[in-house]
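Beneath this line is the structure, given in structure tokens, with notes to follow.
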Amino acid sequence: MGSDIVLTVPAQSAYVTLARAATAAACAQADFPLDRLDDIRLAVDEACALVIADAPDGADLQVVLTVEGNHITIVVQGPSRRELPVATNTFAWTVLTALVDEVSTDVSDGSLSIRMQASGVESVAL
Amino acid sequence: MSDSEPTSRVPPQRSSSWSSQDRDRERVLLAEFAGLDVSDPRRAVVRDELVTMHVPLVHYLARRFRDRGEPHDDLVQVGTIGLIKAVDRFDPERGVEFSTYATPTVVGEIKRHFRDKGWSVRVPRRLQEMRMAISKATAELSQTLGRAPTVRELATHMGVSEDEVLDGIESAQAYSTLSLDGASDAESEAPALVDSLGTDDEALENVEYRETLRPLLAALPERERQIILLRFFHNKTQSEIAQEVGVSQMHVSRLLVKSLATLRGGMGVDA
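Have a look at this one:
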């Protein structure tokens with residue numbers, strides 16, 4: 002608990018499935034209800050697609066998952082030809098904001114990062 | 084697929100359904116589109132009209148693949164991606180009819196869809212059973228808990244390990260069987276959600292590239308489109324949507340994954 006899961010894979014869509022699997026495992030740790038887990042996995046899908054879209058050939062995609070209690074933070078990042086972060090008036094952004102509690106994006110030193118946060122259910126039964 | 088592909092008959096553009104006015108309009112639009120810079124906002128408008136104009140061609144081509152177990156709407160949906168690619172790549176100066184140029188691209192997308200399905204249809208039996216058991220347990224636990232269950236709760240309830248549950252939910256997404264995607268479940272009983280949704284135009288008002296998004300959304304099968312609108316523009320949870328539409332939450336999730344991939348494919352991920 003509390004330590005990071007760091008996954009580095011080639012920035013190609015074929016490897017996104019590994020990020021999805023790791024996300025599901027991390028969300029299970031954080032006790033996310035199944036529908037929220039699916040949302041977050043979908044958000045990771047979308048974030049990976051965004052990074053991969055402008056990644057130079059041979060680049061790696063990194064996914065860092067941090068679980069603290071019932072809270073998860075996910076950072077998806079990779080080298081990118083983009084000069085600007087993901088615009089907030091795009092459909093991709095609409096999708097991301099609907100799927101997780103908080104999302105932010107940044108471009109620095111030729112790397113695009115998308116940071117997402119979400120909380121699972123309290124351990125007290127409803 | 085290619086072995087049994089029927090020979091082409093008269094596509095809509097060459098038949099009487101197209102007036103000479105339509106043909107002129109097509110020529111004007113194609114020429115304008117080719118001259119527009121990628122960053123020109125006008126591009127999306129012209130692209131949208133060109134795509135809308137040629138949707139009958141996609142329907143026509145999709146019909147060639149009928150009786151192969153895939154819903155017509157799904158084929159039109161993937162075919163439309165091919166159409167958009169064709170609009171983007173067409174060079175009017177080469178003197179080829181647009182419909183002639185677009186046909187192989189559209190057919191290619193449809194064939195690719197069948198190939199993808201062919202691969203994904205072979206779900207290991209063990210995973211299929213696990214997935215069905217999870218679906219059933221999720222429904223039961225949602226009743227008692229008043230929310231979707233966690234992986235831990237599912238594992239306890241089903242008497243299996245958390246890993247097995249994770250395998251099961253992963254497979255629910257990685258593989259999609261034709262039978263589950265068919266119109267078998269609740270397609271017809273789904274209430275007319277669209278009445279309560281407002282129009283797509285309202286929902287898309289603040290989204291950039293909506294000119295490109297709109298025809299792509301329109302090409303999605305009705306239920307997929309409703310699910311996208313409910314989830315992303317009406318902020319309903321997957322469980323709420325599942326109840327409203329009358330399918331399982333896992334199915335909602337799978338349709339979302341599929342539709343987003345389709346939209347992404349059509350727009351270029353950036354949009």
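The listed protein sequences derive, respectively, from chains A and B. Heads up, the first sequence is in my numbering, so the first residue is 2 and it goes up one at a time. Heads up, the second sequence is in my numbering, so the first residue is 84 and it goes up one at a time. The C-beta atom is built at its ideal place from N, Cα and C for all residues, glycine as well. If you're wondering where the values come from, they're calculated on a predicted model, not measured in any experiment.
Which residues of chain C have a Cβ atom closer than 9 Å to the Cβ of residue i, listed in chain order?
i, result
"Val77 (chain A)", "The structure shown contains no chain C; its protein chains are A and B."
Compare the Cα-Cα distances from residue i to each of the options and report the closest residue.
i, options, result
"Met215 (chain B)", "B:Pro232, B:Ser254, B:Glu236 and B:Ile167", "B:Ser254"
"Glu180 (chain B)", "B:Thr345, B:Val138, B:Glu109 and B:Arg149", "B:Glu109"
"Thr295 (chain B)", "B:Asp131, B:Phe197 and B:Val121", "B:Asp131"
"Glu47 (chain A)", "A:Glu69, A:Gly59, A:Phe33 and A:Thr18", "A:Thr18"
"Leu85 (chain A)", "A:Val76, A:Ala29, A:Ser120 and A:Ser114", "A:Ser114"
"Asp39 (chain A)", "B:Glu245, B:Thr233 and B:Met241", "B:Thr233"
"Arg235 (chain B)", "A:Asp36, A:Ala12 and A:Asp32", "A:Asp32"
"Leu8 (chain A)", "A:Ala54, A:Gly79 and A:Trp94", "A:Gly79"
"Tyr16 (chain A)", "A:Gly70, A:Asp5, A:Ala60 and A:Gln30", "A:Ala60"
"Arg297 (chain B)", "B:Leu133, B:Phe116 and B:Ser103", "B:Leu133"
"Met350 (chain B)", "A:Ala93, A:Arg83 and A:Arg21", "A:Ala93"
"Tyr143 (chain B)", "B:Pro175, B:Val189 and B:Asp123", "B:Val189"
Could you pull the start and end residues of the beta strand (DSSP E) that residue i belongs to?
i, result
"Leu303 (chain B)", "Taken as a continuous stretch (DSSP letters only), Leu303 (chain B) belongs to no beta strand (DSSP E), as it is neither H nor E."
"Leu19 (chain A)", "Counting along the chain, Leu19 (chain A) falls outside any beta strand (DSSP E), though it belongs to the alpha helix (DSSP H) covering Val17 to Gln30."
Taking C-beta pairs closer than 7 Å, name the residues in chain A that residue i reaches, listed in chain order.
i, result
"Arg347 (chain B)", "Ala50"
"Ser336 (chain B)", "Asp39"
Can you find a C-beta in chain B that's less than 9 Å from the C-beta of residue i?
i, result
"Glu47 (chain A)", "yes"
"Leu43 (chain A)", "yes"
"Asp61 (chain A)", "no"
"Gly111 (chain A)", "no"
"Thr95 (chain A)", "yes"
"Arg21 (chain A)", "yes"
"Gly121 (chain A)", "yes"
Which residues in chain A have a C-beta closer than 8 Å to the C-beta of residue i? List them in chain order.
i, result
"Ala231 (chain B)", "Pro34, Leu35, Asp36 and Arg37"
"Ile252 (chain B)", "Ala25, Leu35, Leu38 and Asp39"
For a cutoff of 9 Å on Cβ pairs, would you count residue i as touching chain A?
i, result
"Ile310 (chain B)", "no"
"Ser322 (chain B)", "yes"
"Phe316 (chain B)", "yes"
"Ala325 (chain B)", "yes"
"Thr163 (chain B)", "no"
"Pro89 (chain B)", "Note that Pro89 (chain B) has pLDDT 46, beneath the 50 cutoff, so the model's placement of it is unreliable and the number below is only indicative. Pro89 (chain B) does not count as touching chain A."
"Lys168 (chain B)", "no"
"Thr340 (chain B)", "It should be pointed out that residue 340 (chain B) corresponds to Val in this sequence rather than to Thr. It does: the Cβ of Val340 (chain B) has a partner Cβ on chain A nearer than 9 Å."
"Gln226 (chain B)", "no"
Taking the alpha helix (DSSP H) that residue i falls in, what are its first and last residues?
i, result
"Leu346 (chain B)", "Gln332 to Met350"
For residue i, return the contacting residues in chain B, with the cut-off set at a CB-CB distance below 9 Å.
i, result
"Ala99 (chain A)", "Arg314, Phe315, Phe316 and Asn318"
Run down chain B in chain order and give the residues with a C-beta less than 8 Å from the C-beta of residue i.
i, result
"Ala29 (chain A)", "Thr233, Val234, Arg235, Glu245, Val248 and Leu249"
For this session: Taking only runs that begin and end inside the stretch 42-73 of chain A, name each unbroken beta strand (DSSP E) of 3 or more residues, in chain order.
Result: Fully enclosed beta strand (DSSP E) runs of no fewer than 3 residues occupy 61-69 of the stretch 42-73 of chain A, in order along the chain.
Problem set entry | Whole beta strand (DSSP E) elements within the stretch 171-247 of chain B, 3-residue minimum | Qualifying beta strand (DSSP E) stretches: none in this window.
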